[in-house]
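> I have a structure here, written as structure tokens, and I will follow up with some questions on it.
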Amino acid sequence: MKKYLIAGCLAICGFNTVAALETGAEFLKIDTDARAVSMGSAYTATADGINSLSYNPAGLASIKSAEFGFSHTTWLMDSRHDFVGVGMPFGNKTRGVGSGKRGRAAVGLGVVRLSNSDMEIRNADESTGGSFSSYDQAVTLGFAMGNPEIKRWGMGAAVKYIESSIAGVKARAVAADFGLNRTLRGMPVTFGLSVQNLGTPMKYISQKDPLPLTLAGGVAVGVISGFNLAMDVKRSVYDKRTTVSVGTEYTLMSVVSLRSGLTMNRDFANKVGLGGVRGNFSAGAGLNFWGMNMDYAMQPYGELGNTQKITLRKKF
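Just so you know, my numbering puts the end of the sequence shown at 1620, numbered straight through with nothing missing.
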């Protein structure tokens, strides 16, 4: 039965089967922000506000006032992926590194959950054996400090509690994320670095699976007024897979944004001109008004269908 439970979980997550068997808590790889999705997940240097919890906790340092974020995704196989988070600065009391200038500190709390409707259990002889439900969730608490406006730097860390349940069988783990970002003086160029999911393994019954430890580096460039270009390189340590993401964003009058992105790995490179495609294109748009950001993203997954994500972010 365990094999069928695992197979069902893998189908829900929509990830490569071999990779999923090497690491647990694969849902942590799913994007939590529509802006990030539409830019191909090239978000390590771009992430800001409460949604940076899932990409680079250093981005929390950009929070200037109380902030609320919510995302909902129509995920694969009739499953749902949701994120809700709140962020708060706690005064301009931290000191900028190497300077008497005052910096900024902020905290963020976020919850992400992947859930699905009841699924049918199939026995080895193809007979049915009832149904089961599953979910994966993580609660993350992050802290960041920096001086984004004067010294143009930020650093952050986050701790998370992770829980997964398949047919009532649960696995738990704890993990930490770390991040840095730095904007060049006098230039619209920002660099970001992050380490994600450094923690204890997930254990289902007797099998232990490591978390999807990921190392990421990114750069974001303001090419011209209103037009941004971003690129990320991510290394999934245990999956031994390197992914390159490129994203673009054009914002008109600080109100309407149009975005597109492309995510590539080695399979993709082998196929586009040198072999077949194993990459994902994405696109989306955003509206900014009255201190609120509304973003939408769509990403196709071939025969599995399309995913659609909506994100709301409100600053108070």
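Think of the CB as a built atom: it goes at the ideal place given N, C-alpha and C, for glycine as much as any other residue.
With distances taken Cα to Cα, identify the nearest neighbour of Thr1546 among Tyr1554, Gly1530, Thr1552, Met1568.
Among Tyr1554, Gly1530, Thr1552, Met1568, the Cα nearest to that of Thr1546 belongs to Met1568.
> To the nearest angstrom, how far is it from the Cα of Val1537 to the Cα of Val1548?
Roughly 5 Å between the two C-alpha positions.
> Under 8 Å, do Asn1592 and Ser1564 count as touching if we go by C-beta distance?
Result no, Cβ atoms of Asn1592 and Ser1564 do not sit closer than 8 Å.
> Would you call the stretch 1521–1529 and the stretch 1372–1382 in contact, with 3 or more CB pairs under 8 Å?
No: the two stretches stay apart, fewer than three of their Cβ pairs being nearer than 8 Å.
> Consult DSSP for Asn1610 and reduce its assignment to one of helix, strand or coil.
Here Asn1610 sits in strand by DSSP.
> Out of Ser1561, Ile1334, Leu1364, Ala1329, point me to the one whose CA is closest to Tyr1600's CA.
Ranking the options by Cα distance to Tyr1600, first place goes to Ser1561.
> For Met1471 and Leu1357, what's the separation of their Cα atoms in angstroms?
Here the sequence assigns Ala to residue 1471, which means Met is not the residue at that position. Taking the straight line joining both Cα atoms gives about 29 Å.
> What does the alpha-carbon distance come out to for the pair Lys1507 and Ala1475?
So the two alpha carbons sit approximately 5 Å from each other.
> Tell me where the beta strand (DSSP E) around Ala1340 begins and ends.
Careful: Ala1340 lies outside any beta strand (DSSP E), inside the alpha helix (DSSP H) at 1338–1342.
> Helix, strand or coil for Asn1451, going by three-state DSSP, please let me know.
Coil at Asn1451, not helix or strand.
> Beta carbon of Thr1487, beta carbon of Gln1500: below 8 Å?
Their beta carbons are not under 8 Å apart, which means Thr1487 does not touch Gln1500 by this criterion.
> Could you tell me the alpha carbon to alpha carbon distance between Gln1511 and Gly1328, rounded to whole angstroms?
For Gln1511 and Gly1328, the distance between alpha carbons rounds to 10 Å.
> If I follow the unbroken beta strand (DSSP E) through Met1535, where does it start and stop?
1531–1540 is the extent of the beta strand (DSSP E) around Met1535.
> Give me the Cβ distance between Gly1496 and Ala1349, rounded to the nearest whole Å; I'm assuming they're in contact under 8 Å.
Their Cβ separation, rounded to whole angstroms, is 3 Å, which keeps Gly1496 and Ala1349 in contact under 8 Å.
> Would the beta-carbon of Phe1387 fall within 8 Å of that of Phe1374?
Yes, Cβ-Cβ distance for Phe1387 and Phe1374 is below 8 Å.
> Excluding five sequence neighbours on each side, which residues of the same chain lie with their C-beta closer than 7 Å to the C-beta of Ser1469?
Same-chain partners within the cutoff: Ser1438, Tyr1439.
> Leaving out five residues before and five after Ser1383 in sequence, what residues of the same chain have Cβ atoms less than 7 Å from its Cβ?
So the list reads Ile1316, Leu1418, Ser1419, Asn1420, once near-sequence residues are dropped.
> Comparing alpha-carbon positions, which option in Phe1620, Ala1477, Ala1587, Gly1391 lies nearest Phe1447?
Measuring from the Cα of Phe1447, the nearest candidate turns out to be Gly1391.
> Would you grab the beta carbon distance between Phe1615 and Ala1338 for me? Rounded to a whole angstrom, and I think it's under 8 Å.
The residue you asked about is not Phe; residue 1615 is Thr in the sequence shown. The Cβ separation is near 4 Å, so the contact holds.
> For Arg1539 and Val1415, what's the separation of their Cα atoms in angstroms?
When rounded, the distance between both Cα atoms is 24 Å.
> Classify Ile1354: buried if its beta carbon has 16 or more other beta carbons within 10 angstroms, exposed otherwise.
Ile1354 comes out buried.
> Note down, in chain order, each residue of its chain lying with its Cβ closer than 8 Å to the Cβ of Ala1589, except the 5 sequence neighbours on either side.
Cβ within range, chain order: Ser1342, Val1560, Ser1561, Leu1562, Arg1563, Asp1599, Tyr1600.
> Can you give the Cα-Cα distance for Thr1494 and Gly1450, rounded to whole angstroms?
Straight-line Cα distance between these residues: approximately 14 Å.
> Leaving out the 5 sequence neighbours to the left and right, which residues in its chain are closer than 6 Å to Thr1555 when beta-carbon positions are compared?
Taken in chain order, the residues that qualify are Gly1530, Ser1561.
> Cβ of Ala1515 within 8 Å of Cβ of Ala1461?
At residue 1515 the sequence reads Leu, which differs from the Ala that was named. Going by C-beta atoms, Leu1515 is not nearer than 8 Å to Ala1461.
> How about Gly1551 and Gly1458: are their beta carbons less than 8 Å apart?
Not closer than 8 Å, so no.
> Here's the rule I'm using: 16 or more other beta-carbon atoms within 10 Å means buried, otherwise exposed. How should Tyr1605 be labelled?
Exposed: under 16 other Cβ atoms inside 10 Å.
> Using DSSP with H/G/I as helix, E/B as strand and the rest coil, what is Asn1360?
Reduced to three states, the DSSP call for Asn1360 is coil.
> With the cut-off set at 8 Å, would you say Asn1597 and Gly1483 are in Cβ contact?
No, the pair does not count as a contact, with Cβ atoms beyond the cut-off.
> How would you call Ile1466, buried or exposed, if buried means at least 16 neighbouring beta carbons within 10 angstroms?
Result: buried.
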